[in-house]
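Numbering (this note's numbering), first residue to last: 1184 to 1667. Worksheet for the structure shown next.
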């Protein structure tokens, strides 16, 4: 769809060059991928080979063994899957800061056109903008993020209700143009060329041992080794297995169990969606098959309600509200506002009430290090933090309580925001994502409304406590399992 494709520069297509280049930076998969599909279309139209270039830098903030291993797992999957196609796959792992300098330009010298992924958060927009100014060939960025194109609207929606109502109006038309499940299937492309000796010598491709998980090779990268790898593996194969397990074992009980930490009833898909190892279109396709669902079963009227519109089971409707509404409202924000992660981007009512109560007395104040090490007086909060440190995730419901307590136990709301971003982005596999920024900013009032009664510290921002949480949901086993 044209509203998923955007020119990043005004350079021409060079039809006389050697190949089409797909610079894979966010949609790190070979299936259900609009960007890969766009690159294949260009290659077919030009009669040129396709080169898929997937790189991983070391110089970004919070780079660690945890994130490197998860992304490299995905690279290994991509290498295996593209081996069966007439495509040159070039995985590159930067060995040190700025060692990748000049590589994209070197690849661009022989490129007819370059396609990349349009992702609105973290350092990726700046990286694309910087590259676009230097490249002498057309660079297109393609949005494969959600069911609805990010730039289908020029408006930021202030609440989940208003955004959900918009989604319900437009989703049916967008479902008519899903990405191909396998963009390379039945596609005949010319034999890909070899990379130049200069490129291979200066920027050697990732070794097989590193792609397959050699810990000694990973240890040589100048990244944060104190944030270790987790048991969960990355990549499209693991993402698809996680989806199947959820649909077969957890979907029917999702409404009842998703909020209970002891039951761990969530889907587990968030890290794979963040790193692009699975597509939301793929997830919806598998869910629709299980539910025997077709788009004509959706309601014709957009009500904005969280249930009843899709015409699926209760579990599927609850899951889709998380997967589509709450995930894509973050992409709506990040694609239109560069200050999506800044304190001043909060709604005016939230800024006012937090300012009014900024000097309220705190019963407890903790430092970043005390938070990080789970050294508070609250066993449930400490357990949530330890799950984040050990596994790279916090149970969905407890993540809200986790954030509310940081707001309560820091000297100011701004400092609370900085601590939430630091801890989440350093440890969470799904951090640095529009969806995780939505969750963090929700703690401080974004996408919410004023609540009463007005409280100390929180003012009119929604209040949550560990005590109320323990009364509502089952946490005893969780606290025991994740105790510091």
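Where a beta carbon is used, it is the ideal one built from N, C-alpha and C, also for glycine.
Nearest candidate by alpha-carbon position, reference residue i, set the options
i: residue 1366; options: 1508, 1614, 1225 and 1467; result: 1225
i: residue 1312; options: 1381, 1192, 1347 and 1481; result: 1192
i: residue 1531; options: 1644, 1570 and 1317; result: 1644
i: residue 1260; options: 1376, 1459 and 1309; result: 1459
i: residue 1262; options: 1391, 1481 and 1243; result: 1391
i: residue 1626; options: 1602, 1636 and 1613; result: 1602
i: residue 1142; options: 1314, 1266, 1308 and 1272; result: No answer is possible for residue 1142: the residues shown for the chain start at 1184 and end at 1667.
i: residue 1402; options: 1276, 1631, 1646 and 1307; result: 1276
i: residue 1215; options: 1329, 1539, 1607 and 1303; result: 1329
i: residue 1590; options: 1454, 1546 and 1270; result: 1546
i: residue 1619; options: 1198, 1303, 1541 and 1210; result: 1303
i: residue 1212; options: 1327, 1317 and 1480; result: 1327
i: residue 1292; options: 1518, 1195, 1477 and 1465; result: 1195
i: residue 1544; options: 1519, 1220, 1638 and 1325; result: 1638
i: residue 1426; options: 1462, 1442 and 1440; result: 1462
i: residue 1664; options: 1494, 1564 and 1386; result: 1564
i: residue 1331; options: 1608, 1512, 1527 and 1559; result: 1512
i: residue 1442; options: 1199, 1296 and 1658; result: 1658
i: residue 1148; options: 1310, 1354, 1523 and 1248; result: The requested residue 1148 does not occur in the structure, where the chain is confined to residues 1184 to 1667.
i: residue 1517; options: 1280, 1375, 1294 and 1308; result: 1308
i: residue 1269; options: 1600, 1369 and 1485; result: 1369
i: residue 1294; options: 1350, 1323 and 1274; result: 1323
i: residue 1209; options: 1310, 1408, 1666 and 1592; result: 1310
i: residue 1387; options: 1624, 1274, 1632 and 1642; result: 1274
i: residue 1412; options: 1399, 1351 and 1321; result: 1399
i: residue 1279; options: 1243, 1600, 1264 and 1186; result: 1243
i: residue 1248; options: 1465, 1610, 1498 and 1325; result: 1610
i: residue 1594; options: 1541, 1605 and 1566; result: 1541
First through last residue of the alpha helix (DSSP H) which encompasses residue i
i: residue 1207; result: Taken as a continuous stretch (DSSP letters only), residue 1207 belongs to no alpha helix (DSSP H), being part of the beta strand (DSSP E) at 1202 to 1207.
i: residue 1556; result: Residue 1556 -> no alpha helix (DSSP H), and no H or E assigned at all.
i: residue 1662; result: 1659 to 1664
i: residue 1584; result: 1579 to 1591
i: residue 1339; result: Premise fails: residue 1339 is in no alpha helix (DSSP H) and is neither H nor E.
i: residue 1311; result: 1307 to 1317
i: residue 1532; result: 1531 to 1539
i: residue 1382; result: 1380 to 1385
i: residue 1516; result: 1510 to 1519
i: residue 1392; result: 1391 to 1394
i: residue 1364; result: Per DSSP, residue 1364 belongs to no alpha helix (DSSP H) and is neither H nor E.
i: residue 1600; result: 1596 to 1610
i: residue 1221; result: 1217 to 1229
Beta-carbon proximity check, residue i vs residue j, cutoff 9 Å
i: residue 1341; j: residue 1241; result: no
i: residue 1218; j: residue 1299; result: yes
i: residue 1483; j: residue 1628; result: no
i: residue 1334; j: residue 1574; result: no
i: residue 1450; j: residue 1473; result: no
i: residue 1617; j: residue 1514; result: yes
i: residue 1206; j: residue 1246; result: no
i: residue 1171; j: residue 1417; result: Beyond the ends of the chain as shown, which are 1184 and 1667, falls residue 1171; an answer cannot be given.
i: residue 1372; j: residue 1231; result: yes
i: residue 1234; j: residue 1202; result: yes
i: residue 1583; j: residue 1622; result: yes
i: residue 1255; j: residue 1389; result: yes
i: residue 1468; j: residue 1364; result: yes
i: residue 1572; j: residue 1553; result: no
i: residue 1570; j: residue 1661; result: yes
i: residue 1507; j: residue 1580; result: no
i: residue 1510; j: residue 1493; result: no
i: residue 1587; j: residue 1526; result: no
i: residue 1347; j: residue 1453; result: no
i: residue 1204; j: residue 1290; result: yes
i: residue 1338; j: residue 1519; result: yes
i: residue 1438; j: residue 1343; result: no
Residues sharing a beta bridge with residue i, DSSP
i: residue 1150; result: Since the first residue shown for the chain is 1184 and the last is 1667, residue 1150 is missing from the structure and cannot be characterised.
i: residue 1298; result: 1205 and 1323
i: residue 1638; result: 1642
i: residue 1247; result: 1407
i: residue 1189; result: 1324
i: residue 1630; result: 1342
Unbroken beta strand (DSSP E) run spanning residue i, endpoints
i: residue 1236; result: 1233 to 1239
i: residue 1272; result: 1271 to 1276
**Q.** Entirely enclosed beta strand (DSSP E) segments - the stretch 1425 to 1499, minimum 3 residues
**A.** Whole beta strand (DSSP E) segments, 3+ residues: zero.
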